[in-house]
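Data block below; observations after.
Protein chains: 2
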Amino acid sequence: MTGNRETQAPRRPGRPRSVRADKAILKATVELLAEAGYQALTIEGIAERAGVGKTTIYRRFSSVEEILVAAFGEMDLVIDVPDTGNTWEDLRLLGQAFAGRAATAVMFPVMGQIVGTALTNPAVLDAFREHLMKPRQASIKAILRRGVERGDIRADIDVDLIADLIPGGIIFHKLFQLPSDAMFAEDYPERVLDTIWKGIKAE
Amino acid sequence: MTGNRETQAPRRPGRPRSVRADKAILKATVELLAEAGYQALTIEGIAERAGVGKTTIYRRFSSVEEILVAAFGEMDLVIDVPDTGNTWEDLRLLGQAFAGRAATAVMFPVMGQIVGTALTNPAVLDAFREHLMKPRQASIKAILRRGVERGDIRADIDVDLIADLIPGGIIFHKLFQLPSDAMFAEDYPERVLDTIWKGIKAE
DNA sequence: CAGTTTCGATACTTCTACGTATCGCTATCT
DNA sequence: AGATAGCGATACGTAGAAGTATCGAAACTG
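Chain order of the listed sequences is A and B. With the first letter of the first sequence counted as 1, position 77 gets the number 69 in my numbering; the numbers rise by one all the way through. With the first letter of the second sequence counted as 1, position 34 gets the number 26 in my numbering; the numbers rise by one all the way through.
Written as structure tokens, this is what we have:
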């Protein structure tokens, strides 16, 4: 068997691309984004931070947006879904984790800027949604479905919609209700949950 | 009475600032933002569009962000609150108007970019929130309070929270659930409302 | 009318990032 | 060993916008 060159490893001649550089580029991109925001994302800045030549980046990507899409693509994060046996409590824990992480960081402005780029480059937002948001919503859905099975939650609810409503209410509050420098009230996620709960609980 | 120079009209000598230029600058800024997004907002671009010299802008503002804050400050928009006599129907109309306007325009990316600037300049987001978002939420609150008075809605609900939840659920869905190029399902605001309604209706 | 300030226009310097080219070196294939 | 392609580094030209300076004209005050 000699003819496996095209199927598995095309193996062009010459020095292979550095896997180390691959990783350094994506890592530097994410770090810069988290620390300094979207506007700090320049090819030159990424190259410097990654300890990599600009050429090395241009050989792989042709724009910052392409790098971001690739970085998000490797991020499929795993959310550990709480399972206390109590559906309400599971949702509360998830909501609080969500709010806590969000309140801390540069996360929200960055999310805003990602949404902002959708005007010229939808791919970035699409990748963000697919790899960063979907897993979070999937964990909410998992809890909701479990609640339905247990009989805690009515079977006729729209799981997808509830999974929008919980994080949506929390995020919207932070973005467009609270002053920029304010934190969440500690019990806010719980209050959101309380209101929604009345609309979805069984009986 | 001779000494009113400081209280009313300081009236410096020389040619007065052109009110026409004032308006043209703010108008051009808002139009550029709506048509081309935040990144198109440059002093030079605004000056050209407003038919005004750069000097004229720098005499009034020292950054694009300052112009934006001023522009938002003049925008206190009046939302006409529907009053059909039916609380649920009032909310549905408002939600649909909201979603309709949002689906059309550059509105969301722009909102995203405004949120994004909060990282370096909270004043812009604060002005946006104060003058653009608050009036919308005020109209939701007005409907909710009327509903409570009518006895359609339970008296112990958290009006502020519900006023976050309705637009929050709708916006979040558009931003982080739908693919970039997708429109709202026509009945989405209504479905959001249905779910929340179960948690707030009287009896 | 004299004095003052703003007007729009234009020119100018500075800065930042882009994208390309070139360097000597290195890693891998045949 | 020789060919090939990637490596980091550096230098370069280009482009867009920032911010400043200067101009003659215009709009007010006293």
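Even glycine gets a Cβ: it sits at the ideal position worked out from N, Cα and C.
I145/B carries a strand assignment under DSSP once its states are collapsed to helix, strand and coil. R138/B and T79/B have their C-alpha atoms roughly 8 Å apart. Judged by DSSP secondary structure, D156/A falls within the alpha helix (DSSP H) whose first and last residues are 151 to 168.
Buried is the label assigned to V184/A, since at least 16 other Cβ atoms lie within 10 Å of its Cβ. In summary, Y30/A is buried, with 16 or more beta-carbon neighbours lying within 10 Å of its beta-carbon over all protein chains present. The closest CA to that of A91/B, considering only A20/B, G65/B, R128/B, V151/B, is found on R128/B. If you draw a straight line from the Cα of V73/B to the Cα of L157/B, it is about 18 Å long. Considering only beta carbons, the part of the stretch 107 to 118 of chain A lying closer than 7 Å to chain B consists of V107, G108, A110, L111, P114, L117, D118, in chain order. One thing to note: L136/B has its Cβ within 8 Å of the Cβ of V151/B. For G191/A and D144/B, the gap between their C-alpha atoms comes out near 15 Å. Under the DSSP assignment, F64/B falls in the alpha helix (DSSP H) whose first and last residues are 56 to 65. At a cut-off of 8 Å between beta-carbon atoms, V98/B makes contact with chain A.
When the five nearest sequence neighbours on each side are left out, the beta carbons in the same chain lying within less than 8 Å of the beta carbon of E27/A are those of V98, in order along the chain. The alpha-carbon of P5/A is positioned some 35 Å away from that of L69/A. With its beta carbon at least 8 Å from every one in chain B, Q88/A lies outside the interface. Counting C-beta pairs closer than 8 Å gives fewer than three between the stretch 162 to 178 of chain B and the stretch 116 to 125 of chain B, which falls short of the contact rule. In terms of beta-carbon proximity, L167/A lines the interface with chain B, with at least one pair separated by less than 8 Å. At the C-beta level, I149/A and L86/A stay beyond 8 Å of one another. Here T47/B is exposed, its C-beta having fewer than 16 other C-beta atoms within 10 Å.
When DSSP reads this structure, K193/A sits in a beta bridge with I145/A. The shortest CA-to-CA distance from F53/A to any of A147/A, L83/A, T21/A is the one to T21/A.
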